[in-house]
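Chains as they are written, first to last, in this note's numbering: chain Z, 2 to 404; chain G, 2 to 404; chain Y, 7 to 616; chain D, 7 to 616. Before any comments, here is the structure.
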Amino acid sequence: MKEKASFGDKVRLSYNGAEIEGTFISHESGIITVKLKNGYNVALSDDRAEYLSVTRVKRLSEDRNGEREISGGVILLATGGTIASRVDYATGAVKPHYDISSLLGEADIREKLGTKVIDNILSENVTPEKWILMAEHTKKELDKGNHVIILHGTDTMTYSASALSFMFEKQSRSIIFTGSQRSPDRPSSDAFENIRSAITFSSLNVGEVSICMHDSRSDLSERLIRATRSRKMHTSRRDAIRDIDGGGLAGIRNGKVSILGEFRPAADETVLSAKLDNRVALVYFYPGMESGILSRIAEKKKALVVMGTGLGHVSEAIISEIRGIARDGVHVVMTSQCLQGNVNLNIYSTGRKLKDAGVISAGDILPEVAFTKAMYVLANHGENFGETMMKSLRGEISARLLN
Amino acid sequence: MKEKASFGDKVRLSYNGAEIEGTFISHESGIITVKLKNGYNVALSDDRAEYLSVTRVKRLSEDRNGEREISGGVILLATGGTIASRVDYATGAVKPHYDISSLLGEADIREKLGTKVIDNILSENVTPEKWILMAEHTKKELDKGNHVIILHGTDTMTYSASALSFMFEKQSRSIIFTGSQRSPDRPSSDAFENIRSAITFSSLNVGEVSICMHDSRSDLSERLIRATRSRKMHTSRRDAIRDIDGGGLAGIRNGKVSILGEFRPAADETVLSAKLDNRVALVYFYPGMESGILSRIAEKKKALVVMGTGLGHVSEAIISEIRGIARDGVHVVMTSQCLQGNVNLNIYSTGRKLKDAGVISAGDILPEVAFTKAMYVLANHGENFGETMMKSLRGEISARLLN
Amino acid sequence: MNSNPIKIGLEIHMQLDTGKLFCRCGNEAEKESISTFVRKLSLVSGEMGTTDRAAYYEKERDREFHYNVSDNSCLVEIDEDPPHEINQDALLTAVRVARAFGSNVFDHLCVMRKIVVDGSNTSGFQRTSLVATGGSVATSSGTVRVSTICLEEDSARRISEDGRKAVFGLDRLGIPLLEIATEPDIRDADHAVETARMISFIVASAGHFKRSAEAIRQDVNISLGFGRVEIKGVSKLSLIGDGIRSEIGRQTSLAQAVSVLNSRNPGKAYDIKLIECSEIFRNTKSKVILGEASSGKIAFCSLLKGMDGLLKKGEFRLGREIADLVKLFGVKGLLHSDELPGYGIEKDELEKIRALLKPGEGDAFMIVMTQPDLIHVLSKEIQNRLSKIADLDFSETRSVSEDGATHFLRPMPGGERMYPETDIPLIGLVPVFQNAEAMGPLEDMRSLVDRLARQYGISRQDSEVLVNEFKSGSFLELNSIIGDPRLTARVLLQTIPELERTSGAIAYKDLVSTFRLAKEKGLKRESVEAMLAMCSHGASFDEVKKSPIIYPLSEEELKQILSRLDPGMSQSQIIARIRKETGRPINAQVLSRLLDRLKDQEKKSGDGSA
Amino acid sequence: MNSNPIKIGLEIHMQLDTGKLFCRCGNEAEKESISTFVRKLSLVSGEMGTTDRAAYYEKERDREFHYNVSDNSCLVEIDEDPPHEINQDALLTAVRVARAFGSNVFDHLCVMRKIVVDGSNTSGFQRTSLVATGGSVATSSGTVRVSTICLEEDSARRISEDGRKAVFGLDRLGIPLLEIATEPDIRDADHAVETARMISFIVASAGHFKRSAEAIRQDVNISLGFGRVEIKGVSKLSLIGDGIRSEIGRQTSLAQAVSVLNSRNPGKAYDIKLIECSEIFRNTKSKVILGEASSGKIAFCSLLKGMDGLLKKGEFRLGREIADLVKLFGVKGLLHSDELPGYGIEKDELEKIRALLKPGEGDAFMIVMTQPDLIHVLSKEIQNRLSKIADLDFSETRSVSEDGATHFLRPMPGGERMYPETDIPLIGLVPVFQNAEAMGPLEDMRSLVDRLARQYGISRQDSEVLVNEFKSGSFLELNSIIGDPRLTARVLLQTIPELERTSGAIAYKDLVSTFRLAKEKGLKRESVEAMLAMCSHGASFDEVKKSPIIYPLSEEELKQILSRLDPGMSQSQIIARIRKETGRPINAQVLSRLLDRLKDQEKKSGDGSA
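Right, dumping it as structure tokens:
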């Protein structure tokens, strides 16, 4: 009885003696899902269901991506993520599926906007190769005089945005990442407000890669955050992406923009160095971590970003292992599990030993940002790795820590 | 010229033609450090310094640990950490070195207090074996009718306190961890207030393992936090250890205690299961993580706690690897890098695939707590690992998420 | 005119007191607003790619929704956390109820999202799932078929609405609702009331229903052949009957008006052009116009072709059909020619309006006071509604007021406003079946009445009322606290109904608290009643607990009062006097003892003085 | 009596304007209090295991310290982040200065913590390091040897103090201070002033010093053979001389008093027993006692053995030594027998005191108003101080008031109040030496005077004053903004001193802002002076910028005024009149042109009317 009907067909089935009539949705893992006329879906065990009739219904093409070129305006580049999610009938869960125009249906802003789909992935599947692609697409649009808004999943938004931040050594227009924590197939989605505010923020001409997301659980305010000082701090809240210590650039509330911090203005030209060396691993230290494990992770790597405890510590037991790894030419960068505050290897004996073992620390750089920065520095400033890691290139390290 | 003088001796040296007179501090790595009469230390390159005279000074014994047994009171168990730190002349940095009595010099509270040194380590060097030792010492004191205050480094305080929390299935008296972010050798140390408030909190008779630390940057208020809902969120602030979503049990401000949340009262008896299985690793997922790395980490492990992105995701590329690891009998527990909010494997296709691969998720449990819990569950409820991980044993999982 | 038979169907929604459906919050809030937040709702394509009409209609009123976060809500209600596992007690109850109706229960539950963009759901949808179809309930007028049994989430409680801002409380959002829908097998108003009662009883007997103000709501579907009208949210049984009767009357006369109208306007051209006419009313004395104008509204008027005498004359009430609609857009000032002159509008003003609109024979006109930016949508909406009515399509959603009259609420929602709740995988019901099996069938009405009377020693009459009013669950719970069935029955059947009639409603949680305190402190009926009276007058239970007047007078206090009283008074006179003076409960036993002692003393002192 | 030679040494502290020493905050704050926090300080064992006496003394006054967080501070100043790397500019300046004195610079810097528990350092210590020892400065009275050159952090600014609560601002905390200490080679007050000037010049000539109110502070060490007295925080050169002179007078007469005292009290028993005597003053008319009593203080008295006539008679002022001490504990009301009767205290009250204390021949007594809980510490502290004085040990830390008088501050700190700053590893100076080498030696006083006069075309006299008053750095910076050396010199040497004398101080940052605005808007001297006058009167620069009165009158405005004036007035009369009327700058050129034109017109109209 496989594939008796296809999505959208009208079906009649007998089930447990009763008759079920409706629209065929799916038939997976022994379950036939039918949408009844009253709108409810019912799930029927296929061993007890029998098709009485199937009426084929021709579905309209779903090709409504609505891509639209533009120059001298604002372009939305879609990469996937929740903001691009729709129901996946195969698993019953949400999957990326793009139709940018539906996101703009509400806003009376189509005129100044272009749209383009450059990828269609859930953001946990992003890779350094994808960042390079994103950067190249972005470069093309900047060169056309467009501000760029990248629609991206929130899970790895900080990783992607900071990677682009490093690769764009200069940028002539705004590059803003936005996304949503509630998929746009629900009326309460944050996608609409986030996109609208990103478009507003783009006119500030911030010459840094930044992120625009909700600033609270209310649909009243969005915040523009420096990519390299952002982090997703909640699995599900709308305001999950926070600025960690000094990453807040601008805010919007009821359409009114206010400047929250200093930022680099847009440059006259765009300089993109679309090179990343992906031989970097990010490692979380934990008490009792046995020696040997770091070396196994460091195999074939050029740099290791370690998330140590407190000011940047690991146990005595693996300091010597780190010394060996560093001696073998793998850069070891120390960050902190605490996320906030500076790493400082001068305070405790452990820190001094780590420093002596060749470990690099870079103030309050966030672990995820240190990870993407290491990829950029390896590929572009490999000969001065340590020195470049310690220098703030894109506001990723705070000279003054205020919180 | 090695070991010509020892710490505390009076010395006269000629240096660069001038004469230097003072107290000998150290001679390490080619540098002789001398404390001048005006209190300043000077560091002299030993190749240009010559001893003119050395007068031996007999130092008083430093044996002032001041251990003191007690029953029916409050006992401070010292394990090391910043709260026990003093200057280490070997490296010039701070190292643990215990003299509990000096911490109490200020407080007019000696009478009700006992003190005991059970270890002397920097907290990054703590191990599951040490947790068992701590638990056993604690048990002995509880059995004597004492409330227990454990002085511990803040770096891994959450790990240690949550490990004890799981091992103590019942406790007849308070077990409170405290520490300091500024070492007590400085007048501005937070140690004094933290210990004083921990002693006050102990009278609440909370039947859970908890943590008492500063609640703000001011020396005015401390907070009692459920061990399993605590996390160090700043490398250096006094209020670095925060309660993450519902871990606040009680507060103190100017000596006034207020109850902030519900807690389990002390039980009639103490039940300790001092068993942990240390074959657990904590792994941070990052974009582009290559397959193979997880398997290498999982070698000889019984459980892997993964810090995924967002609601608990990893890239498509390593889901199949996780499936293999799980099939080989290694439990895989998913937590979130976001730290706040629930892990939920039902929302996105990635999550559903992970669930299908056998991955366990446990609401909003913190990664570090999932790590110590896994050790406890493996050793004590190994046959029901998944089920027990998903159940809140010590308030580590919130039934209701309010933030 | 109406030759079609009347068809009536019911949807009964009953709250289950199991705790919320998709999180672990309880049904009752202690604090109703610990924080607030604001949301907007946007409309997106539904599962089948088309947008629902009713949803669109709500959205058109572009609003801001403010929510009060209660202490029985969490991130799930705030729409900041996906739903958790379904509440197993609620699921079990649903299955047991479905079996009691003889319905076909599905093996799996597909949780759906029903789009609701009026703000009553923070997510913009209500989670609902079809548990069973089929089955029936036997009534005195024959069998009424059950069409569907759904388990769904209750919506947020609407607190206030002011223009584009609506305020909701989250305390109710997410409480499980069991919805039993019947086929249109009901014949008339009385039959509907009986059917509703029967269905409610079956749900109540599953043990997870407690009667309270919002615990039950009924929707009535009624068709006279002009499309289906749904009367939403009827909270009392008696209103079902009244609503049905008045709706039948409304549709009947509306159909007559349409017939007149269509005869006058064969082309059915109901163009509504709202023209500004504020200049005409510059010096008006009309309070209606002046009042609205003072809040910035402006007068517009429009011709109503062919409607003269149909707007409000005799049985005809076409005017109200327009007024009910525009009210939704905040337009309070609607005046039409059937009631003019009047409302302080002078003849010369009317003449000027007529000069402007040039109404012909049989034409009417109306004047509305509104914000100019609403004019476009208002014209369109009025025109749509009139065209629909003229087509004898009366289908829509209506509400019913306390007097039984029904009012336009919104157009009837389409069938496509649902798509799957993607955050919740398919829920297998087989383990629930096993549990339901183990618990056996639900107790029927008669045997429950018998059991209550027998087991708790209350009168058969009381037992019957408890069961009929769905108070048996409350009775059992409260009695288990205090262990005094007669007191419990009295409180439920006399004290509370009387208090609710004379002062105000009493929350079920306060009732529970009252019984607990009475048990703890050994308080008697007088104290219980004093406490409930305070609750009914709006006191918080904290205040009640601390009030001295709920505690009986102590022996010492009684003695002191007695010493002041005329010794010649009878015991009942004394009780009345003390009650009046102190307002506090009197322990009759103690009083008797004291009076006896006083008499003895009197005797003795009498003896002494002899 | 005093056969020992007078020995005077100096410590000159000068702020370097390089930005802060151990973080990357600047020297100047825009906002002085963006948040606040509260700390306590606890005393712990020092490096050598003993506790410092002065530190203990501070701690005894158990206080709460409130800090205002300025916008030029970060977590380092809040003591919530360990120190960052040392400021390389400050380090380089220190090394260049040390070389200019011919001092021996160490190869490494050991940063130390100097315990300070008066709250002026959030950490409870000041970071300081010894850069060099030895060297000298040549003066007209011979060579003065330099003992040490230290680079340290400035302390927090004390804003207010009220009992146990002290308030500080973080804006100043952490600014680098270069401390030059001399050996006690200075002979007298005038020599001290000259030496201070010479040293300050050398530091200033390294280019990182800007004269401002708090930028320079001098400590004077003085010994007459009775132990070393340190006069702290002298901010003006002139006060150095006055302070030294008054301190010599004080010590000389104090030594004489001690000699009398010791002859009366051979056993040196200075037991202070404070006995409550409030009963005696129950009906007192003494305003001193009544005033203090109204704030809850109580009268205590004590015998002062052998001190009659030494407390305040002729040259003797032993009473002030006690009063200065008790003032630190908030005791304002101290009365002693040398000044009684007096202060409204009556004879019979004195008799009662005498009856209580029973003073013998040569004994004095005192009355103090204080809180009872301070009695124990007060008695102990007074007794300690008197014993120490009687032992001819006058060593202590003192302050100096504007009139040149010195006052007790606290006991002299011991030598053990320092231990290593463990958060900062040893700092190697060799790379700094290379930079210092590359920059060459500092410019000496004479060549700088020459260069300023020559290069900028200002008078030699102005140049000398600029250099002498350490204003050459400011001159160079300000002139680089505005490019007008004469205006710059005038502002620094005339405008500002005059304004600061007549109204108030002007922050250096406002001076910079004024010059920037003048440059940007092309404003002339009159405007600059108007701006500075506003600043001096306390206006914020934001207010200044927006004020119309700093902008010259436009041609139009001038015309209008002129049209109203008597045409017969002279140009200078006109200017005076306009200035008086408008208070605004006048562009002389424009005015002249207008006047000329007016005259022309007059002529013409004269012609016309002829």
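Note that CB positions come from ideal geometry on N, CA and C, so glycine has one too. For clarity, every value in this text was computed on a predicted model and none was experimentally measured.
Out of the options, which one is the CA nearest neighbour of residue i?
| i | options | result |
| --- | --- | --- |
| Q182 (chain G) | G:E194, G:S175 and G:S173 | G:E194 |
| T149 (chain D) | D:R102, D:D196, D:L601 and D:T201 | D:T201 |
| G108 (chain D) | D:L448, D:K120 and D:D168 | D:L448 |
| I228 (chain D) | D:S259, D:K242, D:E220 and D:I192 | D:I192 |
| A228 (chain G) | G:H235, G:N347, G:S217 and G:A251 | G:A251 |
| L280 (chain Y) | Y:L49, Y:K216, Y:Q607 and Y:V332 | Y:V332 |
Where residue i and residue j are concerned, what is the direct C-alpha to C-alpha distance, given to the nearest angstrom?
| i | j | result |
| --- | --- | --- |
| T411 (chain G) | G311 (chain G) | For chain G, the structure presents residues 2 to 404; residue 411 (chain G) sits outside this window and is missing. |
| M135 (chain Z) | S237 (chain G) | 37 Å |
| V35 (chain Z) | P182 (chain Y) | 24 Å |
| P491 (chain Y) | Y514 (chain Y) | 17 Å |
| E253 (chain Y) | S393 (chain Y) | 20 Å |
| D1 (chain Z) | L505 (chain Y) | This structure gives no information on residue 1 (chain Z), because the portion of chain Z shown stretches from 2 to 404. |
| K216 (chain Y) | Q21 (chain Y) | 8 Å |
| E142 (chain Z) | A199 (chain Z) | 16 Å |
| N78 (chain Y) | I298 (chain G) | 43 Å |
| P11 (chain D) | S259 (chain D) | 16 Å |
So what does residue i bridge to, in DSSP terms?
| i | result |
| --- | --- |
| F43 (chain D) | D:Y73 |
| N110 (chain Y) | Y:T139 |
| P426 (chain D) | D:M118 |
| V266 (chain D) | Bridge partners of V266 (chain D): none, in fact. |
| D168 (chain D) | D:K171 |
| P182 (chain Y) | Y:E159 |
Along chain D, which residues have their Cβ under 8 Å away from the Cβ of residue i?
| i | result |
| --- | --- |
| I348 (chain Z) | P88, T428 and D429 |
Chain Y partners of residue i, CB-CB under 8 Å?
| i | result |
| --- | --- |
| A358 (chain G) | Neighbours of A358 (chain G) on chain Y: none; closest Cβ ~15 Å, over 8 Å. |
What residues of chain Z sit near residue i, judged by a beta carbon separation below 9 Å?
| i | result |
| --- | --- |
| L81 (chain D) | G342, N343, R401, L402, L403 and N404 |
Can you pull the chain Z residues whose beta carbon is under 8 Å from the beta carbon of residue i, in chain order?
| i | result |
| --- | --- |
| T56 (chain G) | Simply none; closest approach about 30 Å. |
Open item on the list: List, from N- to C-terminal side, the alpha helix (DSSP H) runs of 4 residues or more that fit wholly inside the stretch 278-354 of chain G.
Closed with: 294-299 and 317-328
- [ ] Identify every run of the alpha helix (DSSP H) within the stretch 256-326 of chain Y, keeping only runs that are complete inside it and at least 4 residues long; order them along the chain.
- [x] The qualifying runs are 293-300.
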